[in-house]
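Reading through the structure tokens given below for one structure.
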Amino acid sequence: MRRSLLVIALIFAALMVVALEADDSLFVQVRESELRSAPGFLSQIVEKLSLGDELSYVGERAGWYQVTLPATDQSGWIHEGSVRENKETTLQLAGEGTTRTVSSREIALAGRGFSENMEGEYESGNELDFSAVDDLEARRVGPEEIVAFVLEASLRQDILQPAEE
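Here it is, written out as structure tokens:
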């Protein structure tokens, strides 16, 4: 049974690689991402990427794609969760045969709980202060700060141990 599952998993992985190599373009699917020197979130950032940037697939390792940025010919690594194979996504809506192509901007807005119309209505019709949200979205935490945080947390055993009842 285990052997069968392993064979099926290997076949599936091989098919995914073949499908990805057939069309070697990937597109950044998040608002901001980084091209890194090696596969790892703490690796040096070699280039900042934006939503919709096109990348050329080179290879992959442990959840990371090795890519080249055609615009600058810069090579590096990007996490698989930050890219997709298609620039636009087609949604299958309720009802048979009903599809709609959505842009990357619409996907980003939907992730925040807004449609483009709703965002416009909130901006123009409400006297709400979104400055705290804007500040939070603008905040950047660099790799050095992340490493310092992890080191400090690992030194404090009290936060790693479950509370005794």
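Each residue of the sequence shown is one higher than the one before, starting from 48 at the first, in the working numbering. Positions of the beta carbon are idealized from the N, C-alpha and C atoms, including for glycine.
Item, Value
"E81 versus D176 - alpha carbon distance", "30 Å"
"Residues near S129 by beta carbon distance below 7 Å, same chain, minus five either side", "V75, Q76, V77, S80"
"Contacting residues, own chain, Cβ-Cβ under 7 Å from A109 (five flanking each side not counted)", "P86"
"Cβ-Cβ separation, S103 to S72 (assumed contact under 8 Å), whole Å", "7 Å"
"F196 - containing alpha helix (DSSP H), residue span", "190-202"
"Under 8 Å between C-beta atoms of S84 and S90", "yes"
"Assigned exposure category for D120 - 16 Cβ within 10 Å defines buried", "exposed"
"Beta-carbon proximity list for Q113, same chain, < 6 Å, skipping 5 on both sides", "V105, G106, W124"
"Exposure label - L116; buried when at least 16 CB within 10 Å", "buried"
"Buried or exposed by the 16-neighbour rule on C-beta atoms within 10 Å, applied to D100", "buried"
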